[in-house]
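Here's the structure we're looking at; comments come further down.
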Amino acid sequence: MKKLLLYSILTVMLFSVSGCGYNQMQANDEGVKAAWGDVEASYQRRNDLIPNLVEVVKGYAKHESETLKAVTEARAKVGSIQMSKDMINDPKALMQFQQAQGTLSSALSRLMVVVEKYPDLKANQNFQDLQNQLEGTENRINVARTRYNKAVETFNYSIRMFPNSLTNSLLLHLTLKEPFKAEAGAEKAPKVDFSK
39 MKKLLLYSIL TVMLFSVSGC GYNQMQANDE GVKAAWGDVE ASYQRRNDLI PNLVEVVKGY
99 AKHESETLKA VTEARAKVGS IQMSKDMIND PKALMQFQQA QGTLSSALSR LMVVVEKYPD
159 LKANQNFQDL QNQLEGTENR INVARTRYNK AVETFNYSIR MFPNSLTNSL LLHLTLKEPF
219 KAEAGAEKAP KVDFSK
């Protein structure tokens, strides 16, 4: 009788552990890390393309040095921030990363406005190829950020729902992840001015 009771208790414990969400929370945490890796790869791709774009524009727009300098400095600032998987657990580091990327995006936008002044440059095949690559990279960045935010949503929900929340508080001690947020002022459409 005691053995039957012991087997019953072990069986109940086994089923309760399988429903505690431990493995699912681990899988969701890995999903967030993988999604963050995609974000890093997309930003790195953009970072690698920028020097080529700047050099092509330099050849045509020698007197636009202020804009070119802003792009170069913004890229250097982005390069100085060490990207890592640990960044997703540090809201301050994630915000600094987002701000640096936002500054670079703004500088690239100004560069594209400058390019509009130079019809020969716009017609140059090398520039068009680089611009297409950069545009594709910006789209990849957006997709990667969206996927990262979805992975964060799934993960955050999994550690907050019952009974996973108990498992997390007792065993894992995982913390909520920060999603990417829009830059300040992103709700306003950018103004493009070709009159300068």
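The sequence shown begins at 39 in the numbering used here and counts up one residue at a time. Note that the Cβ used here is the ideal one computed from N, Cα and C, for glycine as well.
Legend entry - Separation of Ile-126 from Lys-71, as counted between CA atoms: Along the sequence shown, read from residue 1 onward, the residue named residue 71 stands at position 33. Along the sequence shown, read from residue 1 onward, the residue named residue 126 stands at position 88. Taking the straight line from one Cα to the other gives about 8 Å.
Legend entry - Assumed close pair Leu-172, Arg-84 - CB separation to whole angstroms, cut-off 8 Å: Indexing the sequence shown from 1 puts residue 172 at position 134. Indexing the sequence shown from 1 puts residue 84 at position 46. Yes, Leu-172 and Arg-84 are in contact; Cβ-Cβ is about 7 Å, under 8 Å.
Inset, instruction - Just the C-alpha distance for Val-153 and Val-181, rounded to the nearest angstrom, thanks. - result: Position 115 of the sequence shown holds residue 153. Position 143 of the sequence shown holds residue 181. So the two alpha carbons sit approximately 26 Å from each other.
Inset, instruction - Return the CA-CA distance between Leu-43 and Cys-58, expressed in angstroms with no decimal places. - result: As a position in the sequence shown, residue 43 is number 5, starting the count at 1. As a position in the sequence shown, residue 58 is number 20, starting the count at 1. C-alpha separation (whole angstroms): 22 Å.
Inset, instruction - Could you check the C-alpha separation between Arg-185 and Gln-166 for me, to the nearest Å? - result: Along the sequence shown, read from residue 1 onward, the residue named residue 185 stands at position 147. Along the sequence shown, read from residue 1 onward, the residue named residue 166 stands at position 128. Their Cα atoms are separated by approximately 28 Å.
Legend entry - Beta carbon of Ala-138 nearer than 8 Å to that of Val-116: The sequence position of residue 138 within the sequence shown is 100, counting from 1. The sequence position of residue 116 within the sequence shown is 78, counting from 1. A contact, by the Cβ cut-off of 8 Å.
Inset, instruction - Could you pull the start and end residues of the alpha helix (DSSP H) that Ser-147 belongs to? - result: The count along the sequence shown starts at 1 and reaches residue 147 at position 109. First-last of the alpha helix (DSSP H) with Ser-147: 129–153.
Inset, instruction - On a CA-only basis, which of Gln-62, Val-77, Glu-93 and Asn-66 is nearest Asn-177? Give me that one, please. - result: As a first step, residue 177 is located in the sequence shown; it is residue number 139 there, counting from the start. For the residues Gln-62, Val-77, Glu-93 and Asn-66, the minimum Cα distance to Asn-177 belongs to Val-77.
Legend entry - Status (buried if at least 16 other CB within 10 Å, exposed otherwise) for Ala-79: Position 41 of the sequence shown, counted from the first residue, corresponds to residue 79. With fewer than 16 other Cβ atoms within 10 Å, it is exposed.
Legend entry - Own chain residues within Cβ distance below 7 Å of Thr-141, not counting five before or after: Translated into positions along the sequence shown, residue 141 becomes position 103. So the qualifying residues of the chain are Ala-112 and Lys-115.
Inset, instruction - Identify whether Lys-215 lies in helix, strand or coil by the three-state DSSP scheme. - result: In the sequence shown, residue 215 corresponds to position 177, counting from 1. Correct three-state label for Lys-215: coil.
Legend entry - Length of the line joining the Cα atoms of Met-121 and Pro-157: By one-based count along the sequence shown, residue 121 stands at place 83. By one-based count along the sequence shown, residue 157 stands at place 119. So the two alpha carbons sit approximately 37 Å from each other.
Legend entry - Where Gly-75 falls: helix, strand or coil (DSSP): Counting from one through the sequence shown, the residue named residue 75 turns up at place 37. In this structure, Gly-75 counts as helix in the three-state DSSP scheme.
Inset, instruction - May I ask you to report which of helix, strand or coil DSSP gives Cys-58? - result: Locating residue 58 in the sequence shown gives position 20, where the first residue counts as 1. Coil.
Inset, instruction - Would you decide whether Glu-216 is buried or exposed? Buried here means 16 or more other CB atoms lie within 10 Å of its CB. - result: Residue 216 sits at position 178 when you count from the first residue of the sequence shown. Answer is buried; the Cβ neighbour count reaches 16.
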